[in-house]
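Shown next, in structure tokens, is the structure this report addresses.
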Amino acid sequence: MSALVNALDRLAVGIDGFDAIADGGLPLGRTTLVAGTAGSGKTLFGVQFLVSGVERFDQNGVIVTFEEAPRALQQNVLSIGWDLPKHVRDNRIAIVDVSPEPEGATIEAGHFDLTALMARIEHAVNRVNAKRVLLDALGAVFPQLSDNVVIRRELHRIAVGLRRLGVTALMTVERSDEYGAIARFGVEEFVADNVIVMRNQLEAERRRRTIEVLKFRGASHRKGEFSFTIGAPDGITVVPLSSIGSNQPPSGDRVSTGNGELDDMCGGGIFENSIALVSGATGTGKTLMVAEFMKAAVQSRERALLFAFEESRDQLIRNAASWGVDYERAERLGLLRIVCRHPESIGLEDHLVAIKQETEAFGPQRLAIDSMSALERGTSAKAFREFVIGITGHVKAKGMAAMFTNTTAMLVGRETIAETHMSTVTDSIFLLRYVELCGEVRRGIAVLKMRGSQHDRDIREYSIGANGMTIRGPFESVNGILAGAPTRGRITEHDRLSTMFAHSYA
Amino acid sequence: MDYVLTLYVAGQSRLSQDAIGRVETICEDHLCGKYQLEVVDVFEHPDMAEEDKILATPTLVRRLPPPLRRIVGSMSEEQKVLFGLDLVERADPVREPEF
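Chains as they are written, first to last, in numbering that gives the first Met the number 0: chain U, 0 to 505; chain Z, 0 to 98.
Shown next, in the form of structure tokens:
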């Protein structure tokens, strides 16, 4: 759905990834419910809505806090780097404090309504000329007063009142289950038009945060759950951001893989703004190919960024040196940056955000990730697919030439899940395989795919030495290498042709 | 002055007028001159409502004597209002035992 068919205008939240899945933002002038379990990030989403309003769109806002006292709320978002007290001092944000009073019990003696609250909200909206309003933790009002029916009716009146004020509002409300009723206390009944659900669930023993636009009445949005991360200084980052954003146009220019023979095999190098996948078993030379790729970048005075998830920095530098690649010198020249991370240390979404932040900061023309399979360990297939889509989208948006490695589980032949997820999004695939011939282990390389270019169809033998990878001629008279069961047999051209067309003689 | 009270109401609604009338009556009957009652319309003074964190209307705030106490509602349940002002021992009306 494109923005053109939207009957409603939108108000950008200021979280790029979210505004993309929401087809532009929240329905303008309406109230949207944000439901989530405790700790799902609702309040942060709401506060970011207001802070972005002030800092990015010059729109002021009002926070109505039902649960946390203003001081606690301000303290909690300070770690992200949001200076709420400053915005309050500058009259950009007003806070209406409805948090429970620690002292002084409330006694109910007859009918009541929440007109006082509405008057306070309206006063605050007028005072700072607010366009955005956050009502945080609506459920916290229920224990303060006994008559839930009255509270629901009154909150409905407030929702109507907000619409009259012309503000775009978010109401956060707690829910008990990730996939149960939308909200506690039946709150969704009066603002059911627009609902966002935030989740924080355990998946394959890792925390995974997602956000979903459940519905926008009369307005388009993307469906399904999207991963997000929380961190300074961006607050909430919704992950598949770059797959939606605009891409650099495909480039016809090529860059070297760092290996002349391999460049020849793929018709003159890999394209700028493309992704090459190097797939092979352990010890076949994937990290070496990355080293050569990095070296080629440095030689042509381009910046290269290497993410290593399998080896420590020392190991990496030592190994590269054994192939004649001096990583430390390249770093001193400011042309290389190496980031070593433990794959399990943080979630996949966090890795993706970190990779994006590093590329933004360093501005590399080339990117290498060694390896994707290390990142895939212990994640769900869905989360990994999202990661792959996110990272490929980012590479394309930045116009980088990227090389990713993938370790196959089998020493010979066959593929892993990483390959199946990645093969459709990568532009080139290089296969590295062990070949057992006459009791000897040899190595073979093949260019399986080269999008937009002719390439060598042969499986060539290569060796690894002090000068890196040396690619030789094709394996002659060997079949079944890719299947993992090579057989040697001398087949003449005549024999081959006659088997291919055997049926036509029948 | 023994009692300092503020009654928050919303405009001239029936609820407001009922609450004002009942609070005035209770004060006259039970506090006989030893009180100060201020009636505040939240539409006219939302800043005061903000200051006192008033959520519902009508709300009677007992500033003195301490502790601070809020009584919410139309004040139709007189026993509860009296309890909130520490003028009776219990919030429930005392009923004659039935046989």
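Backbone N, C-alpha and C define an ideal beta-carbon position, used for all residues, glycine too.
- Residue-level contact by beta carbon fails for glycine 392/U and chain Z, as no gap is shorter than 8 Å.
- For glycine 83/Z, the enclosing alpha helix (DSSP H) has its first and last residue at 77 to 83.
- Identification of residues in the region 134 to 151 of chain U having a C-beta nearer than 8 Å to some C-beta of chain Z yields Val140, Gln143 and Leu144, given in sequence order.
- For valine 38/Z, the closest Cβ of chain U is not nearer than 8 Å.
- Contact annotation: asparagine 125/U and arginine 91/U have beta-carbon atoms that are not nearer than 8 Å.
- Closer than 8 Å to the CB of arginine 331/U there is not a single CB belonging to chain Z.
- Residue burial is scored here from C-beta neighbours: valine 352/U has at least 16 other C-beta atoms within 10 angstroms and is therefore classed as buried.
- Spatial neighbours of alanine 307/U in its own chain (CB-CB distance under 6 Å, excluding positions within 5 residues in sequence) are listed in chain order as Leu315, Cys339 and Asp369.
- Secondary structure note for alanine 367/U: its beta strand (DSSP E) is the uninterrupted segment 365 to 369.
- Here lysine 214/U is bridged, per DSSP, to Val194/U.
- Non-local C-beta neighbours of glycine 323/U in its own chain, meaning closer than 7 Å and more than five positions away in sequence, comprise Ala465, Asn466 and Gly467, ordered along the chain.
- Taking 8 Å as the threshold, the shortest C-beta distance from alanine 108/U to chain Z falls below it.
- Separation of leucine 25/U and glycine 109/U (C-alpha to C-alpha, rounded to the nearest whole angstrom) is 39 Å.
- Residue range 13 to 30 is occupied by the alpha helix (DSSP H) that includes cysteine 26/Z.
- Proximity of phenylalanine 44/U to chain Z, defined by a Cβ-Cβ separation below 8 Å, is not satisfied.
- A residue is called buried once 16 or more other Cβ atoms fall within 10 Å of its Cβ, and lysine 397/U is buried on that count.
- Each residue's CA atom was taken as its position, placing alanine 68/U and alanine 320/U some 58 Å apart.
- Here tyrosine 7/Z is bridged, per DSSP, to Val39/Z and Thr58/Z.
- If you check the CB distance, valine 3/Z and valine 38/Z do not come in under 8 Å.
- For the region 109 to 126 of chain U, the beta-carbon criterion of a distance under 8 Å to any beta-carbon of chain Z is satisfied by Gly109, His110, Phe111, Asp112, Leu113, Thr114, Ala115, Leu116, Ala118, Arg119, Glu121, His122 and Ala123.
- With a threshold of 8 Å between beta carbons, glycine 32/Z makes no contact with chain U.
- Between the alpha carbons of glutamate 375/U and aspartate 112/U lies a gap of roughly 54 Å.
- Interface criterion met: the Cβ of threonine 105/U is under 8 Å from a Cβ in chain Z.
- Residue contact check for glutamate 66/U against chain Z: no CB pair falls below 8 Å.
- Judged by DSSP in its simplified three-state form, alanine 408/U adopts coil rather than helix or strand.
- Nearest CB-CB separation between glycine 83/Z and chain U: below the 8 Å threshold.
- Among the residues facing chain Z, aspartate 96/U is included, as its CB has a counterpart in that chain under 8 Å away.
- For glutamate 291/U, there is no enclosing beta strand (DSSP E); the enclosing alpha helix (DSSP H) has its first and last residue at 285 to 298.
- One finds Lys52, Leu67 and Arg69 in chain Z with Cβ atoms closer than 9 Å to the Cβ of glutamate 100/U, taken in chain order.
- Of all C-beta pairs linking the region 447 to 467 of chain U to the region 282 to 292 of chain U, three or more are shorter than 8 Å, placing the two stretches in contact.
- Taking a contact as a CB-CB distance under 8 Å, the pair phenylalanine 403/U and isoleucine 274/U counts as one, their CB atoms being some 6 Å apart.
- Rounded to the nearest angstrom, the gap between the Cα atoms of methionine 170/U and alanine 136/U is 7 Å.
- Residues Val95 of the same chain have their beta carbon placed closer than 7 Å to that of arginine 119/U, with the five preceding and five following residues left out of the count.
- Distance check between alanine 408/U and each of Leu335/U, Arg432/U and Ile157/U places Arg432/U closest, using alpha-carbon atoms only.
- Proximity to glutamate 66/U across Gly28/U, Val127/U and Pro142/U peaks at Pro142/U, based on C-alpha coordinates.
- The Cβ-Cβ distance between leucine 133/U and glycine 16/U does not fall below 8 Å.
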